[in-house]
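Protein chains in written order, with full-length UniProt numbering: chain A, 1 to 353; chain B, 1 to 353. Positions of the beta carbon are idealized from the N, C-alpha and C atoms, including for glycine. In this text, all values refer to a predicted model and were calculated from it rather than measured experimentally.
2 protein chains.
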Amino acid sequence: MGRRRQAVTIRHVADDAGVSLQTVSRVINKQPNVRPEMKEKVQASIDKLGYVPSIAAQQMSGSRSYLILALNDRERTIEDWRSRQGTDWVDQMLLGGMLTCGEHGYRMMVELVDTRSDHVERELSGAIAALQPDGVILTPPHSENSLITGLLAQHNIPFARIGSRDPGPGICLTMDDERSARLATDKLIELGHRRIGFIAGSSEYSLSGWRVAGWQAAMANAGLQTEGLCGQGDFGYESGEAAAHKLLSLPNQPSAIIASSDQMALATLEVAREMNLSVPEDLSVISFDNTPIVRFTNPPLTAVDQPIAQTISRAVELLINAAKVPLPNKPINIEGKLEMRGSIGPARGANDL
Amino acid sequence: MGRRRQAVTIRHVADDAGVSLQTVSRVINKQPNVRPEMKEKVQASIDKLGYVPSIAAQQMSGSRSYLILALNDRERTIEDWRSRQGTDWVDQMLLGGMLTCGEHGYRMMVELVDTRSDHVERELSGAIAALQPDGVILTPPHSENSLITGLLAQHNIPFARIGSRDPGPGICLTMDDERSARLATDKLIELGHRRIGFIAGSSEYSLSGWRVAGWQAAMANAGLQTEGLCGQGDFGYESGEAAAHKLLSLPNQPSAIIASSDQMALATLEVAREMNLSVPEDLSVISFDNTPIVRFTNPPLTAVDQPIAQTISRAVELLINAAKVPLPNKPINIEGKLEMRGSIGPARGANDL
DNA sequence: CTGAAAGCGCTAACAC
DNA sequence: GTGTTAGCGCTTTCAG
């Protein structure tokens with residue numbers, strides 16, 4: 001196979017342009033102290049020879065690796081891929097992350113890390129040592145794993161925590177879950193609903209709590225009761241099924257349900273069908289996530305979109321800039337929209353509004 | 001931010017174990033000529049110090065980069081991500097590719113490359129120069145882009161061509177599309193169907209032709225006509241709609257249709273609904289791809305599964321081995337299964353079988 | 001403003 | 001078997 005050495009190196013460019021290595025290096029790195037004419041001459045040689053710096057060499061010499069690492073939960077991610085239920089978290093992450101990285105001459109690499117604490121440290125340390133990323137993006141539940149955040153802080157690597165507002169090192173980015181839940185609840189109230197149920201997600205995720213809080217706030221604001229209307233789920237289908245069943249078996253049945261995930265909303269739809277409740281006539285349903293499947297349910301689900309791509313894109317920008325500008329302390333919120341589809345309608349007897 | 005140097009290097013390990021750098025290197029790389037006891041001693045130090053080799057340094061010194069690059073079509077991939085129709089090609093690729101890479105101490109990186117010929121060369125050369133991948137995986141339509149394959153061959157980088165059987169450098173892997181199409185057709189014939197329509201995919205992809213060929217072969221084998229029963233599509237929804245409409249408006253309407261993609265099958269379902277044909281009573285439908293959405297259509301679609309994960313996994317293994325064992329010349333076929341769901345049934349008047 | 005020198009961490013080639 | 005030497009391509013000192 002033969003060793004593959006760099007075809008054209010900085011030295012070739014330097015020779016071609018008749019300058020020293022340093023000058024070329026300065027031009028590449030957009031450093032000051034180069035006369036415009038020199039710069040042009042060097043750039044011309046670079047273009048002519050098709051020179052591209054070797055990332056490995058740059059990294060070796062103590063500069064950047066031009067690499068942003070996205071850390072996802074191994075088990076959960078693989079399960080999503082295997083089950084093929086349409087979860088496109090990783091895709092949206094790549095959409096926002098890869099493209100934005102590309103714009104800045106960076107690359108994004110996805111890494112799966114086990115949450116099991118005896119592994120996480122070795123795995124992450126290994127990835128850091130091997131890859132030397134310039135920045136790391138933590139997705140839930142890693143965003144609030146202090147082993148991970150501690151290790152990263154200790155290594156002095158800038159990182160973003162998606163879906164967390166916990167104080168501590170790294171920049172927090174959320175999709176403003178509380179606001180989204182409020183938006184969804186308000187919409188249902190506006191449609192005349194008074195009994196609005198909520199199916200919460202796994203309490204391991206902070207955002208589950210925020211969503212519940214948003215729903216509660218909107219209900220309270222409208223002077224409505226929430227007592228007994230919050231079911232507990234874990235984002236998965238089965239849990240949603242159980243919770244929906246419980247809510248819809250209430251003596252005073254809710255006329256609308258907000259589910260904290262598409263899978264749980266899907267389950268709610270199915271439970272409604274079993275109970276001969278038609279959607280949206282007898283029951284309105286709103287879900288969270290807006291994954292691909294919501295377009296294909298019957299009826300299609302009104303859903304809170306999670307602006308994953310935007311959020312990751314923003315995180316990448318902050319991380320890349322972190323070399324110059326320190327990361328902001330305050331959490332950044334990227335707002336999600338409510339995507340209107342057929343699963344919601346006016347409450348029965350609300351035509352007098 | 002301060003330069004981040006390797007925390008523990010090969011030198012530390014050497015000192016700790018009281019051996020030379022070279023011996024450590026030999027242990028890391030599983031090279032011969034190290035006494036078992038030395039090896040153990042070194043390994044103990046490695047474990048103790050938590051040493052992980054720097055890929056950049058390994059790469060610099062002319063060895064491997066431990067990187068496999070997966071090249072996808074930029075435009076198409078981004079469009080899939082944006083439209084959120086549930087296409088999980090990239091996910092399945094990562095599932096097969098990342099995990100298998102991981103097992104061998106490699107990483108996989110996804111790179112999007114424009115097909116536009118004036119860009120492709122620069123982009124790919126840049127990626128090669130910057131990343132120095134040990135292997136590249138080409139997905140359609142790149143698999144048959146001679147500019148790309150030529151460049152890779154010239155750089156002496158082992159590569160796999162997914163969905164191609166063209167002769168030339170690199171190892172070809174297909175999902176045995178012809179066989180899959182035959183399988184699907186045979187199944188319908190077995191159910192008593194005699195007029196079986198086919199909606200072909202974009203002719204830019206070789207596999208479109210193979211699928212048509214498989215259908216034709218199965219039909220011929222059963223002594224059935226295919227004349228006028230093949231509609232032309234491009235994998236997209238609209239094209240499927242048009243083709244399905246045409247097929248179902250035939251004086252001698254087919255009782256079953258095989259579509260070369262899920263989107264076209266979806267369109268077929270919709271056209272059938274518009275024409276008051278119920279599925280599977282009046283029309284059986286089989287699709288290709290088995291993306292997440294097929295579980296959510298009404299009825300759920302029987303589909304030919306594309307074993308993407310397996311295929312990419314196999315490609316990765318071959319590529320990693322290519323350093324020792326040359327790539328096989330013959331194409332490798334990974335067989336796909338037919339996933340049975342509700343969209344097919346016995347042909348009308350076929351109960352006498 | 002520009003250039004020369006000294007590594008970064010690792011491996012290939014060669015000695016011992 | 002094991003150790004020594006010389007780079008890989010680049011950036012960071014530090015001189016001019």
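A direct Cα-Cα distance of roughly 14 Å separates residue 16 (chain A) from residue 27 (chain A).
Apart from the 5 residues on each side of it in sequence, residue 300 (chain A) sits with its Cβ closer than 7 Å to the Cβ of 294, 341, 342 and 343 in its chain, given in chain order. Excluding residues up to 5 positions away in sequence, 58, 134 and 323 lie with their Cβ nearer than 8 Å to the Cβ of residue 64 (chain B) in the same chain. By the rule that beta-carbons nearer than 8 Å mark a contact, residue 90 (chain A) touches chain B. DSSP places residue 108 (chain B) inside the beta strand (DSSP E), whose first and last residues are 107–113.
In terms of Cα proximity to residue 183 (chain A), the closest of A:172, A:216, A:173 and A:157 is A:216. Those residues of the UniProt domain "HTH lacI-type" (8–62) of chain A placed with their C-beta closer than 9 Å to a C-beta in chain B are 8, 50, 51, 52, 53, 54, 55, 56, 57, 58, 59, 60 and 62, ordered along the chain. Counting only residues of its own chain and dropping the five nearest sequence neighbours on each side, residue 157 (chain A) has a CB closer than 8 Å to the CB of 128, 133, 134, 135 and 136. When B:194, B:161, B:19 and B:310 are compared, the shortest CA-CA separation from residue 69 (chain B) is found for B:161. Between residue 72 (chain A) and residue 13 (chain A), the C-beta gap is not smaller than 8 Å, which leaves the two residues out of contact. Between the alpha carbons of residue 192 (chain A) and residue 347 (chain A) lies a distance of about 5 Å. At a Cβ-Cβ threshold of 8 Å, residue 259 (chain B) and residue 287 (chain B) count as neighbours. Contact of residue 126 (chain A) with chain B by beta-carbon distance below 7 Å involves 52. Look at the region 293–309 of chain A: the residues with a C-beta under 8 Å from a C-beta of chain B are 293, 295, 296, 297, 298 and 309. By the criterion of a C-beta distance shorter than 6 Å, residue 290 (chain B) is surrounded in its chain by 303, 305 and 339, once the five residues flanking it on both sides are discounted. Rounded to whole angstroms, the separation of the alpha carbons of residue 74 (chain B) and residue 62 (chain A) is 32 Å.
Counting along the chain, the unbroken alpha helix (DSSP H) around residue 24 (chain A) starts and ends at 21–28. Residues of chain A whose Cβ lies closer than 8 Å to the Cβ of residue 316 (chain B) do not exist; the shortest such Cβ separation is about 15 Å. Taking the Cβ atoms as the reference, residue 219 (chain B) lies roughly 6 Å from residue 185 (chain B), within the contact range of under 8 Å.
For residue 287 (chain B), the enclosing beta strand (DSSP E) starts and ends at 284–289. Contact of residue 82 (chain B) with chain A is assigned, a C-beta pair being separated by under 8 Å. Apart from the 5 residues on each side of it in sequence, residue 46 (chain B) sits with its Cβ closer than 7 Å to the Cβ of 13 in its chain, given in chain order. Here the alpha carbons of residue 105 (chain B) and residue 35 (chain B) stand approximately 24 Å from one another.
Against chain A, the CB of residue 78 (chain B) has a partner CB under 8 Å away; the residue lies at that interface.
The DSSP-derived three-state label of residue 150 (chain A) is helix.
Note that the region 47–57 of chain B does not touch the region 87–96 of chain B; fewer than 3 beta-carbon pairs, one per stretch, sit closer than 8 Å.
In this structure residue 261 (chain A) does not touch residue 214 (chain A) by the C-beta definition: roughly 15 Å separates them, more than the 8 Å allowed.
Not one beta carbon of chain B lies nearer than 8 Å to the beta carbon of residue 271 (chain A). Among the residues of chain B, those whose CB is under 7 Å from the CB of residue 107 (chain A) are 109, following chain order. Contacts between residue 5 (chain B) and chain A, judged by CB atoms closer than 8 Å, involve 62 in chain order. When the alpha-carbon of residue 273 (chain A) is set against those of A:155, A:37, A:241 and A:203, the nearest one is in A:241. Nearest neighbour of residue 19 (chain A) by Cα position, chosen from A:114, A:42 and A:256, turns out to be A:42. If you look at residue 174 (chain A), you'll find it in the beta strand (DSSP E) that goes 171–174. One alpha carbon belongs to residue 332 (chain B), the other to residue 143 (chain A), and they sit about 42 Å apart. The Cβ of residue 219 (chain A) sits no closer than 8 Å to any Cβ of chain B.
Taking CB atoms only, residue 263 (chain B) has no neighbour in chain A less than 8 Å away.
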